[in-house]
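Asker:
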Amino acid sequence: MALIVQKYGGSSVADAESIKRVAKRIVDTRRAGHDVVVAVSAMGDTTDELLDLAGQVAPIPAPRELDMLLSSGERISMALLAMAIHPMGFEARSFTGSQAGMITDATHGAARIVDVTPVRLREALDEGAIVIVAGFQGFNRDTRDITTLGRGGSDTTAVALAAALEADVCEIYSDVDGVFTADPRVVPRARKLDRISSEEMLELAANGAKVLYIRAVEYARRHGVLIHARSTFSSAEGTWVGTGRHPHHVPEGEHMEEPIVAGVATDLGQAKITVVGVPDVPGKAAEIFKIVAKSGANVDMIVQNVSAAGTARTDISFTLPKTDATTALKALAGEQIEVGFESLVHDDQIGKLSVVGAGMRTHSGVSATLFEALSTTGINIEMISTSEIRISVVLRAADIAEAARVVHTAYGLDGDADATIYAGTGR
Ligand code: ADP
Ligand code: ASP
Ligand code: MG
263 MALIVQKYGG
273 SSVADAESIK
283 RVAKRIVDTR
293 RAGHDVVVAV
303 SAMGDTTDEL
313 LDLAGQVAPI
323 PAPRELDMLL
333 SSGERISMAL
343 LAMAIHPMGF
353 EARSFTGSQA
363 GMITDATHGA
373 ARIVDVTPVR
383 LREALDEGAI
393 VIVAGFQGFN
403 RDTRDITTLG
413 RGGSDTTAVA
423 LAAALEADVC
433 EIYSDVDGVF
443 TADPRVVPRA
453 RKLDRISSEE
463 MLELAANGAK
473 VLYIRAVEYA
483 RRHGVLIHAR
493 STFSSAEGTW
503 VGTGRHPHHV
513 PEGEHMEEPI
523 VAGVATDLGQ
533 AKITVVGVPD
543 VPGKAAEIFK
553 IVAKSGANVD
563 MIVQNVSAAG
573 TARTDISFTL
583 PKTDATTALK
593 ALAGEQIEVG
603 FESLVHDDQI
613 GKLSVVGAGM
623 RTHSGVSATL
633 FEALSTTGIN
643 IEMISTSEIR
653 ISVVLRAADI
663 AEAARVVHTA
673 YGLDGDADAT
683 IYAGTGR
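Residue numbers (this note's numbering): 263 to 689.
1) Determine the DSSP secondary structure at residue 679, reduced to helix, strand or coil.
2) Whole-angstrom Cβ separation of residue 523 and residue 619, contact assumed at under 8 Å?
3) Does DSSP classify residue 495 as helix, strand or coil?
4) Quick one: what's residue 270 bridged to in DSSP?
5) What is the DSSP secondary structure of residue 610, counted as helix, strand or coil?
6) Compare the Cα-Cα distances from residue 440 to each of 353, 630, 496, 335 and report the closest residue.
7) Quick check on this structure: which residue in 635, 529, 274 has the alpha carbon closest to the alpha carbon of residue 445?
8) Compute the beta-carbon to beta-carbon distance between residue 543 and residue 395, rounded to the nearest angstrom, for a pair I have assumed lies under 8 Å.
9) What's the C-alpha gap between residue 613 and residue 470?
10) Identify which residue in 443, 513, 677, 600 has its Cα closest to the Cα of residue 459.
11) For ligand 1, is there any heavy atom lying closer than 6 Å to the beta carbon of residue 614?
12) Can you tell me which of 558, 365, 521, 429 puts its alpha carbon nearest to the alpha carbon of residue 587?
13) Quick one, are the C-beta atoms of residue 584 and residue 610 less than 7 Å apart?
14) Counting C-beta neighbours from all protein chains within 10 Å, is the total for residue 339 16 or more, i.e. buried, or is it exposed?
15) Rounding to the nearest angstrom, what Cα-Cα distance links residue 508 and residue 487 in this structure?
16) Would you check if there are 3 or more beta carbon pairs closer than 8 Å linking the region 299-314 to the region 328-346?
17) Check residue 459 in the structure and name its three-state DSSP category.
18) On the criterion of 16 or more Cβ atoms from any shown chain inside 10 Å, does residue 518 qualify as buried, or is it exposed?
19) Suppose contacts are defined by Cβ-Cβ distances below 7 Å. Is residue 320 in contact with residue 328 by that definition?
20) Specify the secondary structure class of residue 539 as computed by DSSP and reduced to three states.
21) Which same chain residues end up closer than 8 Å to residue 370 when comparing Cβ atoms and leaving out the 5 residues on each side of it in sequence?
22) May I ask you to list the residues that DSSP assigns as paired with residue 477?
23) Can you have a look at residue 669 and say buried or exposed, based on whether 16 or more other CB atoms are within 10 angstroms of its CB?
24) If you drop the 5 nearest sequence neighbours on each side, which residues of the same chain put their C-beta closer than 6 Å to that of residue 282?
25) Report the three-state DSSP secondary structure of residue 374 (helix, strand or coil).
26) Specify the secondary structure class of residue 472 as computed by DSSP and reduced to three states.
27) Closest to residue 574 by CA distance: which of 546, 581, 598, 595 is it?
28) Within 10 Å of its beta-carbon, does residue 263 have 16 or more other beta-carbons around it, so buried, or fewer, so exposed?
29) What number of angstroms, rounded off, separates the C-alpha of residue 287 from the C-alpha of residue 672?
30) Is there at least one non-hydrogen atom of ligand 1 closer than 6 Å to the beta-carbon of residue 447?
31) I want to check one thing, is the minimum distance from the CB of residue 303 to the heavy atoms of ligand 2 below 6 Å?
32) Thinking just about the alpha-carbon of each residue, which of 278, 393, 535, 474 is nearest to the one in residue 266?
33) Rank 483, 359, 623, 337 by C-alpha distance to the C-alpha of residue 650 and give the top, closest one.
34) Leaving out five residues on either side along the sequence, give the residues of the same chain with a beta carbon under 7 Å from the beta carbon of residue 278.
35) Per the DSSP calculation, residue 566 is bridged to which residue(s)?
36) Could you have a look at residue 525 and say whether DSSP puts it in helix, strand or coil?
Below, the structure is given as structure tokens:
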């Protein structure tokens, strides 16, 4: 008998029928003799709809109230799921994040888990109940307020519960069969991976592959949690995520023999700001990025052009999440005279394409394949950045899908048939 943590995403519990399907899956696991703890997301696109609603009543909703609002989504799905299990003859009990002992720091909208005290969950398990926990939410002891863990945060709830309860596996269920070589909504010929190392999964997640939330992957790596990403709508084996000694993990260092590129990720959530006509003297980049950092923006790529002949001025461009752009622009505009730049340009029609693979460390020519594939398609590259196991390029947003497909083909990643997408809206 094992202890299994299962996480069901929004598309898996989008309506009453889906909730009953999930209930049956949970009951089947219980019937097989396992203890089951479930983390559940809000139904369908509820979180997005609540965010839209908040935006209609206030231009910048108060973070505390936003967390109160958003956490209500998971409260609905957890109770419905428990209710759906009861007629199947099993005891199920739902718990909010704070009841489950999900203790976080006080950062609304992006809270970090600082402690998990699942006392009530253990009691319920000991009494033979199936435990259902609201994903994505926590509680701060100092402010005594409800927090949320950031978009996609139910994955983190599940992994943190798996770590605290020393579960045998953390199964993350969604509307696709696992982790693919690219988002199957963008690249239909994407292939499901049987397993993937932690570091490659982290890079994919950090660069737009939302099938697993980056913080959940990080948490799992730190606490040695075995993640199995799979589909709610099929019993097919999914993708085992992690590096280590477990038979399902990728053994340390093994990727040397594996394909050079594990996958392609796309991200349409970024914007580009160009600071035009910056005096080309030491200290200006420091001034600019101090202002940007103070605004709370998370800068990703940076490019500084050579100064145009004779002007002693240069342009500095950087990318950041679309949601951070307005505050960053405002902060920079407020110090234009002090810094001495000429103007600001905001471009939110960009997209980022990244190629990820641990094999890049030991192979040359990986970037040439990427550039070649884009050039034969006539797609222009605006920015480039690399890490040890990743190459990213910024392109026009409108070019991203086509670019992802040609690059996927160029690295020999295409499967023989189109991937199955079982549900969801991709929102
Ligand atoms: P859930 O609502 O269950 O949390 P998400 O929508 O967050 O599910 O994640 C599943 C979606 O992630 C898929 O429908 C797919 O469109 C997208 N996705 C992006 N990149 C990948 C990838 N590399 N492999 C699989 N799915 C991906
Ligand atoms: N409901 C939250 C969201 O949409 C958390 C999650 O689904 O993981 O981001
Ligand atoms: Mg998700």
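Idealized CB from N, CA, C, for every residue including glycine.
Answerer: Looking at the coordinates:
1) Residue 679: coil per DSSP, three-state reduction.
2) 4 Å between Cβ atoms; contact.
3) coil
4) 302, 435.
5) coil
6) 496
7) 529
8) The pair is not a contact, with the Cβ atoms about 55 Å apart (cut-off 8 Å).
9) 10 Å
10) 513
11) Taken from the Cβ of residue 614, every heavy atom of ligand 1 lies 6 Å or farther away.
12) 558
13) Between residue 584 and residue 610, the gap from beta carbon to beta carbon is short of 7 Å.
14) buried
15) 10 Å
16) Yes, the region 299-314 touches the region 328-346.
17) coil
18) Confidence at residue 518 is low in this model, with a pLDDT of 46, below 50, so the placement of that residue should be treated as unreliable; the coordinate-derived value is given next. Residue 518 should be labelled exposed.
19) no
20) strand
21) 325, 326, 328, 329, 407, 409, 410
22) Beta-bridge pairing links residue 477 to no other residue.
23) buried
24) 346
25) coil
26) Coil, per DSSP.
27) 546
28) exposed
29) 39 Å
30) Within the cutoff, so yes.
31) yes
32) The candidate whose alpha carbon is nearest that of residue 266 is 393.
33) 623
34) none
35) 578
36) strand
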